[in-house]
Ligand code: SF4
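Protein chains in written order, with the working numbering: chain Y, 104 to 298; chain S, 38 to 491.
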């Protein structure tokens, strides 16, 4: 995973709540067997309807998405954060996230930032009123800034470390080989079919 | 109970870090696994415990016409899974196998799902397995890769919520309605960060099928896992199943399983109570599973922008009686409601009737085994004669990754779990209901109160 420290990019507002992963990437695009190439299908159905906000030229190169509560609820598909990453997004800001989406994002290098409702509202308005405005997100200092806007954010310390250092979580766990072997010796999980 | 199972699976716990937990059963399917196997290969890693990993094909398998009917990309995913399982020595119940089916239907059916286990799968409805008193939750593809490589998973301890449902279920009210009622009361975000434990006399009185329906829908209330303490119903269900402990180990296993139940004085971070007597058959009117009303009610006036959007998408007017809503399609299927019991209840409504001429209705059994049993009971003939299509096992129109989809604007009464925009096909409109309600709607041609049907 690429280390994630600071990102400055165009802010794109998506003023909706409960955006589920079926919306982020509809199922007909889950058939790829690679992790990349999902960007063109991000929010596919909404885009096809035409006049979708993220298609406006001012937001086309956006790197930071700000949106409503419960973003990424629904299916566990990691294709959702993959498609956001592939479309150039590095950060998603929302009052809250679907649990699995949040965990998936951390694990593939997309930063989910939770801010209180009023702060998110301000950012959405900023994005709407000043298309093309930039925000910088500093994961090291856990701060976020845009014109006339500043906020600190909380983040899981472990995942922050992983992101900042670009660590591979599997490699980290494999360092616990002795613990795992000890557990296996003690709790021998077995599954035996009888036929 | 969640705490006991959690503690039983901690491999390493370092200050400030998420716990490293051991996984007893890892279920794999064709859609969320290819990139995980690819990741392993890139890093020259192997599957640590192939014998604790079981694979099936469900999400994009055709339910009509066999494998030859699969489109090119679905075929590519299926062959990728076959190849991955072959290389890593993982048991695969693929298309055509007698044990194939929706991953959350076959786990319990084969006796793979057992109390006290930690179970994961790259699918959000893994919560289903919690019905057996297991801690079971969905994970993403990176985590699938992590589990394949290490048999472990890193997680922060969730909070616990007790959901107590007391009283007898009124006639016509099913486990699906209990689930929809709970989501309506806690909201689609209400469970976030919690493991739910369902308890109370109503839950105790449910069959394993009903319990699975409730645990299955847990994720729709925002919680990753829902569970029910194992009891005699659980043990009776498991006994004799293919992977259940054999007779020489059975009694010991049951004793161990019993010990996982929550203690009488267990403390939960949050508790809610639901009076079963006040539940009714529910119908969703919107585009998330929290937007539901009793079938006797009407489409509510929107109170938020989200509601307004949902009404526009669903093309509904506030004040319209639910029973006045005409439907085009009926889907009886999915890991929520496609077990034998669900099909039996639906069949009992259908008996002696015909599907309304304007409705296309379809029954998709949850597994090949459910299909066989249903056929042995003659349910297939009953559905077919009434005008239903009788399909092969798979996820089918629950998510529409195979050819079973709604056309734009088509309205469907569905026994599945998600009514999101476009979930069952772009522009399709989904009303979530129980199996008897879906069956009744198929016959009436509109949503109808199953209690007054016949
Ligand atoms: S039936 Fe639907 S919810 Fe269940 S596993 Fe399949 S796609 Fe997911």
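Glycine included, each C-beta is placed from N, C-alpha and C at the ideal position. All values derive from a computational prediction rather than experimental measurement.
For residue 237 of chain Y, the enclosing beta strand (DSSP E) has its first and last residue at 237-241.
Spanning the alpha carbons of residue 198 of chain S and residue 263 of chain S requires a straight line of approximately 9 Å.
Around the CB of residue 80 of chain S, fewer than 16 other CB atoms lie within 10 Å, so the residue is classed as exposed. With respect to residue 216 of chain S, residue 253 of chain S sits close: the two C-beta atoms are nearer than 9 Å.
DSSP places residue 161 of chain Y within a helical segment (H, G or I) once states are collapsed to three. Secondary structure of residue 364 of chain S (DSSP, three-state): coil.
Taking 9 Å as the cut-off, the Cβ atoms of residue 213 of chain S and residue 485 of chain S do not count as close.
The nearest non-hydrogen atom of the ligand SF4 is 8 Å or more from the C-beta of residue 470 of chain S. In the same chain as residue 127 of chain S, and ignoring 5 residues on each side of it, the C-beta atoms closer than 6 Å to its own belong to 87, 90 and 92, in chain order. The beta carbon of residue 74 of chain S lies closer than 6 Å to those of 121 in the same chain, with the five residues before and after it left out.
Here the segment 130-149 of chain S makes contact with the segment 427-434 of chain S; the two share three or more CB pairs at distances below 8 Å. The bridge partners DSSP lists for residue 346 of chain S come to none. Closest in alpha carbon position to residue 171 of chain Y, among Y:197, Y:110 and Y:151, is Y:197. In this structure, the ligand SF4 has a non-hydrogen atom nearer than 8 Å to the beta-carbon of residue 436 of chain S. A distance of 9 Å or more separates the beta carbons of residue 379 of chain S and residue 100 of chain S. Residue 223 of chain Y and residue 169 of chain Y have their C-alpha atoms spaced approximately 7 Å apart. Closest by C-alpha distance to residue 257 of chain S, out of S:268, S:204, S:162 and S:193, is S:162. If you draw a straight line from the Cα of residue 468 of chain S to the Cα of residue 477 of chain S, it is about 13 Å long. Below 8 Å, enough C-beta pairs join the segment 183-196 of chain S and the segment 226-235 of chain S to call them touching: three or more.
Straight across, the Cα-Cα distance linking residue 154 of chain Y with residue 160 of chain Y is about 11 Å. The alpha-carbon of residue 393 of chain S is positioned some 9 Å away from that of residue 365 of chain S. By the C-beta criterion, the segment 50-67 of chain S is judged to be in contact with the segment 145-155 of chain S, since at least 3 inter-stretch pairs fall below 8 Å. Remark: the C-beta of residue 370 of chain S is in contact range of the ligand SF4, defined as less than 8 Å to any heavy atom.
Nearest Cα to residue 426 of chain S within the set S:446, S:404, S:413 and S:479: S:479.
Contact annotation for residue 101 of chain S against chain Y: no contact, minimum CB-CB distance about 18 Å [criterion: below 8 Å]. In this chain, the beta strand (DSSP E) harbouring residue 58 of chain S covers 56-59.
Counting the other Cβ atoms within 10 Å of the Cβ of residue 173 of chain Y gives 16 or more, which makes it buried. Secondary structure note for residue 45 of chain S: its alpha helix (DSSP H) is the uninterrupted segment 39-45.
For residue 129 of chain Y, the C-beta contacts it makes with chain S under 8 Å involve 459 and 463, in order along the chain. DSSP, reduced to helix, strand and coil, places residue 406 of chain S within a helical segment of the structure shown. Assignment of beta strand (DSSP E) within the segment 133-194 of chain S, counting only whole runs of 3 or more residues, yields 155-158, 172-175 and 189-192 in chain order.
Counted as a single uninterrupted DSSP element, the beta strand (DSSP E) harbouring residue 312 of chain S occupies residues 307-312. For the segment 228-252 of chain Y, the set of residues with a beta-carbon nearer than 8 Å to any beta-carbon of chain S is empty. By the 16-neighbour rule on beta-carbons within 10 angstroms, residue 349 of chain S is exposed.
Residue 327 of chain S and residue 204 of chain Y have their C-alpha atoms roughly 19 Å apart. In this structure, the CA atom of residue 194 of chain Y is about 21 Å from the CA atom of residue 150 of chain Y.
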